[in-house]
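Novice: The structure under discussion is supplied below as structure tokens; questions concerning it will follow.
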Ligand SMILES: Cc1cc2nc3c(=O)[nH]c(=O)nc-3n(C[C@H](O)[C@H](O)[C@H](O)COP(=O)(O)OP(=O)(O)OC[C@H]3O[C@@H](n4cnc5c(N)ncnc54)[C@H](O)[C@@H]3O)c2cc1C
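Numbering (mature numbering (1 follows the signal peptide of the UniProt record, and there is no 0)), first residue to last: -19 to -1, 1 to 202.
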């Protein structure tokens, strides 16, 4: 998501943008969330949560709509739930339900959709952009540097399969597996300080098919 959004945000300022994506598209990427849910194996090696429900929070939705006018309407047309955090969501824990905000001056919009739908819809804007090219199956394996100690700068990316691509600006958007700190160290920069905090939280989701009468009786989405 960050890579797709960064490509669209940079495109007005550059002659062309090249997006490197390690994964190769599978047929189900072009289909619905149901196609992805039923696809055998792991539909997206680089994004383990690709099948899962995501909540696109209000600020993210606002920013993506500004970047890609019509994004939210396309999500809704494809079946995304446009909900209000206060009215439509409930959180339960073994210790009981979360307290709810029952009075709010304005709604807090949340788009509920699979990660696939959020990403696939954004990808269409990228694919239609005349300045952006996507290279699939192209894993970045390091950076290309130029210059001596005091003037050393990043001028490109090494590809895992060999070869390199050059660019005026390199953006690393490989998610939590990003290897940027090590790559910069390989170029002579000192290790970045790391602060690590464990949230001590595990996360599991699964698909449930509710009888229609049960779904209709729920006071939330
Ligand atoms: C079960 C689960 C549920 C979640 N629910 C929510 C939610 O409800 N709302 C929310 O906001 N967030 C949620 N998140 C978090 C959210 O999915 C991540 O924060 C988000 O995916 C991060 O986006 P990203 O673009 O930074 O990285 P990623 O989504 O990880 O994308 C990284 C991309 O880089 C590619 N890549 C990786 N390495 C390389 C390489 N070397 N070269 C080229 N390409 C590479 C990958 O294939 C991938 O396409 C959830 C996460 C999980 C695990």
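Built from N, CA and C at the ideal position, the CB exists for glycine as well.
Assign residue 2 to one of two classes, buried (16 or more other C-beta atoms within 10 Å of its C-beta) or exposed (fewer than that).
Specialist: Your numbering for residue 2 matches position 21 in the chain shown. Buried.
Novice: Tell me the residue span of the alpha helix (DSSP H) that contains residue 105.
Specialist: Sequence index remark: in the chain shown, residue 105 carries index 124 (1-based). First-last of the alpha helix (DSSP H) with residue 105: 96 to 109.
Novice: Give every residue of the same chain whose Cβ lies closer than 7 Å to the Cβ of residue 104, excluding the five residues on either side of it in the sequence, and list them in chain order.
Specialist: By one-based count along the chain shown, residue 104 stands at place 123. Once the five neighbours on either side are set aside, the close Cβ partners of residue 104 are -16.
Novice: So does residue 102 have its beta carbon nearer than 8 Å to some heavy atom of ligand 1?
Specialist: Along the chain shown, one-based indexing puts residue 102 at 121. Residue 102: no, Cβ never under 8 Å from ligand 1.
Novice: Contact check, residue 56 vs residue 102 under 8 Å by CB: the rounded distance?
Specialist: Taking the chain shown and counting its residues from 1, one reaches residue 56 at position 75. Taking the chain shown and counting its residues from 1, one reaches residue 102 at position 121. 6 Å between Cβ atoms; contact.
Novice: Give me the Cα-Cα distance between residue 84 and residue 73, rounded to the nearest whole angstrom.
Specialist: Reading the chain shown from its first residue, position 103 is the one you call residue 84. Reading the chain shown from its first residue, position 92 is the one you call residue 73. Whole-angstrom Cα-Cα distance: 20 Å.
Novice: Using the Cα positions of residue 90 and residue 130, report the straight-line distance between them to the nearest angstrom.
Specialist: Locating residue 90 in the chain shown gives position 109, where the first residue counts as 1. Locating residue 130 in the chain shown gives position 149, where the first residue counts as 1. One C-alpha to the other measures close to 49 Å.
Novice: Are at least three pairs of beta-carbons, each pair with one atom in the segment 90 to 99 and one in the segment 27 to 38, less than 8 Å apart?
Specialist: They touch, by the three-pair rule.
Novice: Check whether the Cβ of residue 40 lies closer than 8 Å to any heavy atom of ligand 2, and answer yes or no.
Specialist: Absence of ligand 2 from the depicted structure is noted, with ligand 1 being the only ligands included.
Novice: Short of 7 Å in beta carbon distance, which residues of its chain neighbour residue 122, apart from the five on each side in sequence? Order them along the chain.
Specialist: For the purposes of this step, residue 122 is taken as residue 141 along the chain shown, with counting starting at 1. The answer, listed in chain order, is 139, 140 and 141.
Novice: Exposed or buried, which one is residue 42 when buried takes at least 16 other CB atoms within 10 Å?
Specialist: To locate residue 42, count along the chain shown from 1; it is residue 61. Buried.
Novice: For residue 2, is the beta carbon positioned less than 8 Å from some heavy atom of ligand 1?
Specialist: Here residue 2 refers to the residue found at position 21 when the chain shown is read from its first residue. Indeed, a heavy atom of ligand 1 lies less than 8 Å from the Cβ.
Novice: Please indicate yes or no: does the CB of residue -17 lie closer than 8 Å to some heavy atom of ligand 1?
Specialist: Your numbering for residue -17 matches position 3 in the chain shown. Flag set: Cβ of residue -17 near ligand 1.
Novice: Does the distance between the C-beta of residue 126 and the nearest non-hydrogen atom of ligand 1 fall short of 8 Å?
Specialist: In the chain shown, counting from the first residue as 1, residue 126 sits at position 145. No; taking the cut-off as 8 Å, the Cβ of residue 126 has no heavy atom of ligand 1 nearer than that.
Novice: Where does residue 45 land, buried or exposed, given buried means 16+ other C-beta within 10 angstroms?
Specialist: As a first step, residue 45 must be located in the chain shown, where it is residue number 64. Per the 10 Å Cβ criterion, buried.
Novice: Give every residue of the same chain whose Cβ lies closer than 8 Å to the Cβ of residue 148, excluding the five residues on either side of it in the sequence, and list them in chain order.
Specialist: Counting from 1 along the chain shown, the entry for residue 148 is found at position 167. So the list reads -2, 136, 137 and 138, once near-sequence residues are dropped.
Novice: Can you tell me where the alpha helix (DSSP H) with residue -5 in it begins and where it stops?
Specialist: Taking the first residue of the chain shown as position 1, residue -5 is located at position 15. Neither: residue -5 is in no alpha helix (DSSP H) and is coded neither H nor E.
Novice: Roughly how many whole angstroms lie between the Cα atoms of residue 215 and residue 19?
Specialist: For the chain, the structure presents residues -19 to 202; residue 215 sits outside this window and is missing.
Novice: Thinking just about the alpha-carbon of each residue, which of 50, 38, 180 and -8 is nearest to the one in residue 111?
Specialist: By one-based count along the chain shown, residue 111 stands at place 130. Nearest of 50, 38, 180 and -8 to residue 111, Cα basis: -8.
Novice: Count the other CB atoms within 10 Å of the CB of residue 188; is the residue buried (16 or more) or exposed (fewer)?
Specialist: Locating residue 188 in the chain shown gives position 207, where the first residue counts as 1. Looking at its Cβ environment, which holds fewer than 16 other Cβ atoms inside 10 Å, residue 188 is exposed.
Novice: Take residue 226 and list the residues in its own chain whose beta-carbon comes closer than 7 Å to its own, dropping the five residues that flank it on each side.
Specialist: In the structure displayed, the chain extends from -19 to 202; residue 226 sits before or after that span and is not available.
Novice: Under the rule that 16 or more other beta-carbon atoms within 10 Å means buried, what is residue 119, buried or exposed?
Specialist: The residue given as residue 119 occupies position 138 in the chain shown. Buried, because 16 or more other Cβ atoms sit within 10 Å of the Cβ of residue 119.
Novice: Return the chain-ordered ranges of every beta strand (DSSP E) run that is complete within the segment 21 to 103 and spans a minimum of 3 residues.
Specialist: Runs of the beta strand (DSSP E) inside the segment 21 to 103: 34 to 37, 62 to 65 and 90 to 95.
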